[in-house]
Amino acid sequence: MKSELSNKLKAFGPGILFASTCIGVSHLVQSTRAGADFGFQLVAFILLANLFKYPFFEFGSRFAAATKKNLLEGYLAEGKWVLWVYFILSLASMFTVTAAVTFVTAGMFNNLTGITLNPAYVSGIILVICTLILALGKYSILDTLLKVIGSVLLISTLVAFFGAVSKAQVTPVDNFVPKDIFERDSIIFIIALMGWMPTAVDLSTWNSLWTIERMKQTGYVPKLKEILADFNFGYIITAVLAICFLTLGAKVMYGTGVELSDNSTVFSDQVVTLYTSALGDWAYFIIAIAAFSVMFSTTITVVDGFGRAMGETTRLLFFKKADAKSTYKWMMIIVSAVSFLFILLLSSNLKDLVDLATTLSFVIAPIIAIINYRVITSKQIPEDYKPGKKLLLLAKSGIVFLTVFAIIYIVVYFFL
1 MKSELSNKLK AFGPGILFAS TCIGVSHLVQ STRAGADFGF QLVAFILLAN LFKYPFFEFG
61 SRFAAATKKN LLEGYLAEGK WVLWVYFILS LASMFTVTAA VTFVTAGMFN NLTGITLNPA
121 YVSGIILVIC TLILALGKYS ILDTLLKVIG SVLLISTLVA FFGAVSKAQV TPVDNFVPKD
181 IFERDSIIFI IALMGWMPTA VDLSTWNSLW TIERMKQTGY VPKLKEILAD FNFGYIITAV
241 LAICFLTLGA KVMYGTGVEL SDNSTVFSDQ VVTLYTSALG DWAYFIIAIA AFSVMFSTTI
301 TVVDGFGRAM GETTRLLFFK KADAKSTYKW MMIIVSAVSF LFILLLSSNL KDLVDLATTL
361 SFVIAPIIAI INYRVITSKQ IPEDYKPGKK LLLLAKSGIV FLTVFAIIYI VVYFFL
């Protein structure tokens, strides 16, 4: 019994990293905005996005369990062009994604400390700190840090959620007009919301990279069911908390006529106030710490994830004899530096920056989904590790779902 528990704990970790990546902009920003602007009208879209994206994230963990390799190596085995497609699509989104996440984190820091520094410069400092921590501490510090931060946010969010649910809905202002979900701007927001719900599909490669890294760290090779149990735990947490954040926005802000600010520091104060409205003013500082902590954890996992994934991609495509650790560190520096430039250029409007990042992620999602399906059903995977018929059916349905909404977005954005 002790040995079985010990093995489960050794497999435990990548799922928490995945959850920490998800519970950031998609939850604190997008889910809260969904509740504040639309009440409970968008619950179905959040649930559907989590459901139909599930197979493609699960395939990343499954591939690592089956082959003891990362998913990028699986892409290369299917043909160099597949890895090139991933490389190009990642280049199109990774700097905007990192910029959006870091800029929100900077706003949380300013709100917590009361500092009035330009959030763009604070973002640069945060990116430097994240890069240094990862370069010096590597995976073990990241793994330990996020388990602590994740626990704090999970508890505080659930307490705030039940506090909000126990209170009556706020009384709408006299001139309040509910938003129509079929309006052009609403459709664009809904697709942006689903773009990072629970996160971008191209981040599925990170699951496999973190799983392999966890094996190296512990010296233990988990069974498939242990790896999937860890992943499923993290995935369920992200889905539950998305609904919690939407509920906070719906119960506290919907109908009040108050809109979430484009200024990252003011926005951060509004989000923390959602908690204190449910818990009481005494909780403000505690929640401010938790909110900053979770955004910092998202930033550091994004820097690590893109550094790890794109470092490995460039190594496989261009520098096969290069040391993987070296390409990882250099790519982290590049990601951080270029993302900072994006922040300097785009930081005047938080909502536009976030919507751009999330929408890009959704538009490229069908392509990554098809690639992941191709790899997991290929000869690379032993029969015992291949997904069952129900999961493959869900994956096919997910490809259709992602494709249809990507087409809707293109039509609505460019032609309506």
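Numbering (UniProt numbering), first residue to last: 1 to 416.
Think of the CB as a built atom: it goes at the ideal place given N, C-alpha and C, for glycine as much as any other residue.
Three-way DSSP call (helix, strand, coil) for residue i in this model
| i | result |
| --- | --- |
| S261 | coil |
| V177 | coil |
| P55 | helix |
| P172 | coil |
| S378 | coil |
| P366 | helix |
| residue 427 | Residue 427 cannot be examined here, being either before or after the span of the chain that is shown, 1 to 416. |
| L274 | helix |
| G124 | helix |
| L158 | helix |
| L134 | helix |
Proximity winner among the options, relative to residue i (alpha-carbon distances)
| i | options | result |
| --- | --- | --- |
| V272 | I376, A65, Y54, T32 | T32 |
| C244 | L154, N175, T403 | L154 |
| A65 | F415, E383, F401 | E383 |
| S186 | T199, G39, Y235 | G39 |
| L72 | F342, L360, T211 | T211 |
| Y90 | G307, S397, T256 | According to the sequence shown, residue 90 is Ser rather than Tyr. The shortest Cα separation from S90 among G307, S397, T256 belongs to G307. |
| N372 | S204, G234, V294, T157 | S204 |
| V122 | I190, I407, M94, L341 | L341 |
| L274 | S156, V201, K321 | S156 |
| S293 | V97, V104, T67 | V104 |
| V335 | I286, L316, A309, R315 | A309 |
Where residue i falls, given that 16 or more other Cβ within 10 Å makes a residue buried
| i | result |
| --- | --- |
| residue 420 | Residue numbering for the chain in the displayed model covers 1 to 416; residue 420 lies beyond these limits and cannot be assessed. |
| P14 | buried |
| N118 | exposed |
| F162 | exposed |
| V411 | exposed |
| I23 | buried |
| I364 | buried |
| T116 | exposed |
Alpha-carbon spacing of residue i relative to residue j, whole angstroms
| i | j | result |
| --- | --- | --- |
| E58 | R214 | 17 Å |
| V303 | D174 | 45 Å |
| K53 | G219 | 31 Å |
| N50 | T247 | 17 Å |
| I188 | Y409 | 6 Å |
| G305 | W206 | 6 Å |
| F318 | G79 | 15 Å |
| V85 | F176 | 46 Å |
| P178 | G249 | 14 Å |
| G195 | L360 | 8 Å |
| N70 | K389 | 24 Å |
| T199 | F56 | 11 Å |
| A288 | G280 | 13 Å |
| L228 | S208 | 11 Å |
| M1 | N232 | At M1, the pLDDT of 49 sits below 50, so the modelled position is not reliable and the matter cannot be decided from this model. |
| V25 | Y75 | 28 Å |
| G35 | Q270 | 13 Å |
| I407 | Y284 | 42 Å |
First through last residue of the alpha helix (DSSP H) which encompasses residue i
| i | result |
| --- | --- |
| Q41 | First-last for Q41: undefined, no H or E at that position. |
| L241 | 224-252 |
| G307 | 284-317 |
| Y413 | 389-415 |
| W196 | Looking at the DSSP string, W196 is not in any alpha helix (DSSP H), and its letter there is neither H nor E. |
| T98 | 80-113 |
| A322 | Premise fails: A322 is in no alpha helix (DSSP H) and is neither H nor E. |
| S31 | Careful: S31 lies outside any alpha helix (DSSP H) and carries neither H nor E. |
| F18 | 14-22 |
Heavy atom of the ligand ATP within 7 Å of residue i beta-carbon
| i | result |
| --- | --- |
| Y409 | No copy of the ligand ATP appears in this structure; indeed no ligand is present at all. |
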